[in-house]
Amino acid sequence: MAGKTISEKILSAKSGRNARAGDVVVCSVDHALGTDGSTPMALDYFAAMGGRRVFDPSRIVFALDHYAPAPSRATAQLHQRMRDFAALHGIELWDVGEGIGHQLMVEAGHAAPGRLVVGADSHSVTYGALNCFATGIGSSDLAAVLMCGEIWLRVPESIRVTLTGSLPGGVYAKDAALALAKVLGADGANYQALEFGGPALPSFPLDDRLVLSNFAVEMGAKNGIFDNAGLPASGAAVGPDPDAQYIREVTVSLDDLTPQVALPHQVDRVVAGTEVAGTAVQMVYLGTCTGGRVRDFHQARDVLRSGGGVARGVQLAVAPASRKVLETLTSDGTLADFIAMGAVVLTPGCGSCCGTCGAIPGDGVNVISTANRNFKGRMGNSSAAIYLASPASCAAAAVKGAIADPREFAS
Amino acid sequence: MIGRARVFGDDVNTDYIITSRRKCESLDPQVLRHYLFEEIDPAFAKSVEPGDLIVAGKNFGCGSAMEVAVTAVVGAGIPAVLARSFSRTYYRNAVNNGLMPLICDTSRVRESDRLVIAAQSVHNQTTGEIIAVERLPKIMLDIIEAGGLVPYFQRHGRFP
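Chains as they are written, first to last, in the working numbering: chain A, 485 to 895; chain B, 35 to 194.
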């Protein structure tokens, strides 16, 4: 019998079965996240299912991140409902301003090697960076987890993604993620796992891994899981068997990468940034569960400083991924730099990325963003066009008022 | 099950099915159904009739995991979606809400074709074509046959 992939091993352990790709298994969930985008509906399902008691409140956490702060009475009431339910059942709740649930799951240590972590939000795949099986679920699935702590999952086939070399100056994990999306396409990993490994891993830090895992869903993947190589040793870490079966193998040579840009309105319409250099932008967005961590803002700030600040006519909106990120940027002076350059600072959360609140672009506006999605209407205006790029590329565009090569601003 | 084909292309994401903004206003499928596909086909919501079938290309329902993208479709009286492939979250949510996700070759189905859905095939009455359909695993069939995860849990209280 052939060996197992990391995903097959974790789902075997969580189902108590010999789980192989293609099997459908019922698994015990270690931790589940519900956001204000998905939980109110889950509470409706929970009530309709006849739910009274939450199976294990210590395994559940709610994040108020999609409507932060609430832009309307209706969304404020969704928050109230979640607060009431969490208080009644003893569920941990991250309130408005704490940040994006995915970032908080990582900061809180709920995502850890060998675990099965689900979230009622597609970007729950982010935690795969920590060697856990992490996937996005719907509201009804979350209700079932509240009821019984379990979920049905089809065991995915895995695509092995081998990372070699190291990122050149001015090129970042986001460029690797966009390059991979170009190779695989928006559904290239549909129903499948991306399993990241290779010689680059020991010097590929967690923040970079989070970007690639986060982007896994943009290729349709069920999860994007990293080998544990190079992270602090843990007895729970899971690696693949040497004879594990993969449906496909892809190599990403980090040495050969250049800055990449995804064009509107598809995440896999990716070109070298130089091909679209000079395209005017009126709004630059730094933030989200892809590009809203401390290092992302440092990289952007360095380019902005080197380039002499934000061009006239460009709105720079900044949303740290969490309160902790915001505090770090405050104490190390980065935030003051952004404010001095005219940036608009937004509440940590998801709002602008999905157009639910925050900075919404006007008609005909070109936006360049560190986010992971650029669908038409994504940021709240279907007449705007969204380009996706690394924090440094976004900052370079802010300097020039047009898409530009961040390597020109190397400090 | 017999219905009229309503044809869409590839990579129809959940924001195109129902925009994230609308669910700030209401989660009620009977409200949301009026905004179905408003970004890509503004005439759809007015012309949809109960029993219509969505027919799409590859990767239907990609993007967000938001379940209103399924419940708004169910709310419009659409019993099944046929697609060359689905995003996995849409597929899950469809099963969990009793919306039949059928994976099949949709390339020759045209707008308004009359389709008859049987256990393992779709008969296109307009063209005469019989289209093979991928079989669903047992647990998913059980959930769909129950009418979704809510009635399934009302009956069983847990997974098998």
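Just so you know, even glycine gets a beta-carbon here, dropped at the ideal spot from N, CA and C.
Problem set entry | Secondary structure, alpha helix (DSSP H): runs of 4+ residues fully inside the segment 603-690 of chain A | Runs found: 623-632 and 657-668.
Exercise. Got a sec: is the Cβ-Cβ distance from residue 184/B to anything in chain A below 8 Å?
Worked result: What you label residue 184/B is simply residue 150 of the second sequence in a count that begins at 1. Put simply, the CB of residue 184/B is near chain A, with a gap under 8 Å to one of its CB atoms.
Problem set entry | Span of the alpha helix (DSSP H) around residue 902/A | Given a span of 485 to 895 for chain A in the structure shown, any question on residue 902/A remains unanswerable.
Exercise. How big is the Cα-Cα spacing for residue 53/B and residue 600/A?
Worked result: Here the question's residue 53/B lines up with position 19 in the second sequence. Here the question's residue 600/A lines up with position 116 in the first sequence. Going by the C-alpha atoms only, they are around 30 Å apart.
For this session: Within 10 angstroms of the Cβ of residue 602/A, are there 16 or more other Cβ atoms? Answer buried if so, exposed if not.
Result: Stepping through the first sequence from its first residue, residue 602/A is reached at position 118. It counts as buried.
Exercise. In three-state terms, what does DSSP make of residue 871/A?
Worked result: In the first sequence, residue 871/A corresponds to position 387, counting from 1. Strand, per DSSP.
Problem set entry | Best match in 510/A, 716/A and 632/A for proximity to residue 534/A [C-alpha to C-alpha] | Locating residue 534/A in the first sequence gives position 50, where the first residue counts as 1. The shortest Cα separation from residue 534/A among 510/A, 716/A and 632/A belongs to 632/A.
For this session: Check whether the Cβ atoms of residue 587/A and residue 838/A lie closer than 8 Å to each other.
Result: One-based indexing of the first sequence puts residue 587/A at position 103. One-based indexing of the first sequence puts residue 838/A at position 354. The answer is no: Cβ separation not under 8 Å.
Problem set entry | Reference residue 647/A; option with closest CA among 634/A, 640/A, 635/A and 664/A | Within the first sequence, residue 647/A is the residue found at index 163, counting from 1. Closest option to residue 647/A, Cα to Cα, is 664/A.
Exercise. Quick one: which chain A residues come within Cβ less than 8 Å of residue 140/B?
Worked result: One-based indexing of the second sequence puts residue 140/B at position 106. Scanning chain A for C-beta atoms nearer than 8 Å to the C-beta of residue 140/B yields nothing, as the closest lies near 14 Å away.
For this session: Specify the secondary structure class of residue 443/A as computed by DSSP and reduced to three states.
Result: The structure shown does not extend to residue 443/A, since chain A is modelled only from 485 to 895, so the question has no answer here.
Problem set entry | Within chain B, the residues that residue 674/A reaches when beta carbons sit closer than 7 Å | Within the first sequence, numbered from 1, the residue matching residue 674/A stands at position 190. Going along chain B in sequence order, the residues near residue 674/A (Cβ under 7 Å) are 93, 119, 121 and 122.
Problem set entry | residue 771/A - partner residues in DSSP beta bridges | Locating residue 771/A in the first sequence gives position 287, counting from the first residue. Beta-bridge pairing links residue 771/A to 803/A.
For this session: Give a yes or no on whether the minimum CB-CB distance between residue 553/A and chain B is below 8 Å.
Result: Taking the first sequence and counting its residues from 1, one reaches residue 553/A at position 69. No, because no Cβ of chain B sits closer than 8 Å to the Cβ of residue 553/A.
For this session: Would you mind giving the Cβ-Cβ distance between residue 743/A and residue 877/A, rounded to the nearest angstrom? I have them listed as a contact below 8 Å.
Result: The sequence position of residue 743/A within the first sequence is 259, counting from 1. The sequence position of residue 877/A within the first sequence is 393, counting from 1. The pair is a contact, with the Cβ atoms about 5 Å apart (cut-off 8 Å).
Exercise. When the distance is taken between beta carbons, is residue 805/A closer than 8 Å to residue 583/A?
Worked result: Counting from one through the first sequence, the residue named residue 583/A turns up at place 99. Counting from one through the first sequence, the residue named residue 805/A turns up at place 321. Their beta carbons are under 8 Å apart, which means residue 583/A touches residue 805/A by this criterion.
For this session: Leaving aside the five residues before and after residue 67/B along the sequence, list all residues of the same chain whose C-beta is less than 6 Å from its C-beta, in chain order.
Result: If you number the second sequence from 1, residue 67/B lands on position 33. The beta carbon of residue 67/B lies closer than 6 Å to those of 106, 109 and 110 in the same chain, with the five residues before and after it left out.
For this session: Could you tell me the boundaries of the alpha helix (DSSP H) in which residue 525/A lies?
Result: As a working note, residue 525/A is residue 41 in the first sequence. Where residue 525/A is concerned, the enclosing alpha helix (DSSP H) stretches over 523-532.
For this session: Quick one: grab the DSSP three-state call for residue 112/B.
Result: Here the question's residue 112/B lines up with position 78 in the second sequence. The answer is coil: DSSP assigns residue 112/B none of H, G, I, E or B.
Exercise. Secondary structure at residue 733/A, three-state DSSP: helix, strand or coil?
Worked result: To locate residue 733/A, count along the first sequence from 1; it is residue 249. The answer is strand: DSSP assigns residue 733/A an E or B state.
For this session: Identify whether residue 74/B lies in helix, strand or coil by the three-state DSSP scheme.
Result: Looking up residue 74/B in the second sequence gives position 40. Reduced to three states, the DSSP call for residue 74/B is coil.
Problem set entry | Backbone CA spacing between residue 669/A and residue 641/A [nearest angstrom] | If you number the first sequence from 1, residue 669/A lands on position 185. If you number the first sequence from 1, residue 641/A lands on position 157. When rounded, the separation of the alpha-carbon atoms in residue 669/A and residue 641/A is 17 Å.
Exercise. Is there contact between the segment 776-784 of chain A and the segment 744-757 of chain A, where contact requires at least three CB pairs shorter than 8 Å?
Worked result: The segment 776-784 of chain A is not in contact with the segment 744-757 of chain A.
For this session: Would you mind reading off the limits of the beta strand (DSSP E) that contains residue 546/A?
Result: The residue given as residue 546/A occupies position 62 in the first sequence. Counting along the chain, the unbroken beta strand (DSSP E) around residue 546/A starts and ends at 544-547.
Problem set entry | Any chain A beta carbon closer than 8 Å to residue 188/B | Position 154 of the second sequence, counting from 1, holds the residue named residue 188/B. Yes, contact with chain A.
Exercise. Name the chain B residues that come within less than 8 Å of residue 750/A, Cβ to Cβ?
Worked result: Here residue 750/A refers to the residue found at position 266 of the first sequence. In chain order: 45.
For this session: To the nearest angstrom, report how far apart residue 84/B and residue 121/B are at their CA atoms.
Result: Residue mapping note: residue 84/B aligns to position 50 of the second sequence, counting from 1. Residue mapping note: residue 121/B aligns to position 87 of the second sequence, counting from 1. Each residue's Cα considered, the two are about 24 Å apart.
Problem set entry | Residue environment, residue 570/A, which counts as buried when at least 16 other CB atoms sit within 10 Å | Within the first sequence, the letter at position 86 stands for residue 570/A. Note on residue 570/A: 16 or more other CB atoms within 10 angstroms of its CB, so buried under the neighbour-count rule.
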